[in-house]
Structures are given as C-alpha cells and as structure tokens.
Amino acid sequence: MKKQGIMFWVIVLLVAFYIIDGLFISHQIAWGSIIVPFAVVGIVILLYKYPPRKYRKTQPRIKPSARTMAKVAAERKPARTEKRKAYPFQVIEGQKGKNDDDLPKYH
Numbered sequence: 001m002k003k004q005g006i007m008f009w010v011i012v013l014l015v016a017f018y019i020i021d022g023l024f025i026s027h028q029i030a031w032g033s034i035i036v037p038f039a040v041v042g043i044v045i046l047l048y049k050y051p052p053r054k055y056r057k058t059q060p061r062i063k064p065s066a067r068t069m070a071k072v073a074a075e076r077k078p079a080r081t082e083k084r085k086a087y088p089f090q091v092i093e094g095q096k097g098k099n100d101d102d103l104p105k106y107h
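Under the UniProt record's numbering, the first residue of the sequence shown carries the number 1, and numbering increases by one thereafter.
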C-alpha cells in the first residue's frame, strides 16, 4: 500500500513538472489550451465539495434517546466534587426494643 502511494505522488510530481516545463521553459503548451482543463477540473472539484441542494444527501433526523441525551448533558456539565455521597435510602427504626447487649461492639 505504501509503494502505491509513493508511485501516485511521483506521477503527480512528474505531470506537474511537465506542465510547468511546457508553460514556462520550452513554451510547448499554449496558455489557452491549459486554462480550459484547469477550469473544468476546478468546477468539478467545487461541485463535488459543495453540491447543489438538489443533489445533496439528506441525513434522516433521528431523535436521540434519553440515555444519549443524559450522556451529552453529563459531558457538558463540569464534574461536581462532593465530600459525601447522598445515598437514596434511610434507616427505618423497627418495632423491637433496643437492647444494648445485642449491639455489636464496633458499629
């Protein structure tokens, strides 16, 4: 694959050298004969890069899921640093009486 890329650029450089040599040094190529192909190539490149609205591919509008929106929102928000976590539960006292003997030594 690397050799093919090198060969491509060698060919491009040789063609560019031939065009420059023909235009400026040996005057074998007339300016009128080189302007038209360059104009056509330029127009094709512009149309390829910026196609008319009629021929543009329209991407379907997909509504992002709630999970995706949560990810995006989390990435936009700076991370909060809390000293303590807020747990979503709390201790509910039972109906039994507390006995100090049953409590573990280290709680």
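Using N, Cα and C, we set each Cβ at its ideal position, and we do this for glycine too.
Residues of the same chain with their beta carbon placed closer than 8 Å to that of Phe38 are lacking, with the five preceding and five following residues left out of the count. When secondary structure is reduced to three states using DSSP, Pro51 falls in the coil class, being assigned neither helix nor strand. Residues of the same chain with a CB within less than 8 Å of the CB of Pro64, apart from the 5 flanking positions on each side, are Val72 in chain order. Per DSSP, reduced to three states, the secondary structure at Ile92 is coil, with no helix or strand assignment. Taking the C-beta atoms as reference points, Ile34 is found nearer than 8 Å to Leu23.
Val10 and Ile45 have their C-alpha atoms spaced approximately 22 Å apart. A direct Cα-to-Cα measurement between Phe8 and Pro52 gives close to 31 Å.
Contact check for Ile19 against Ile29 passes: the beta carbons are separated by less than 8 Å.
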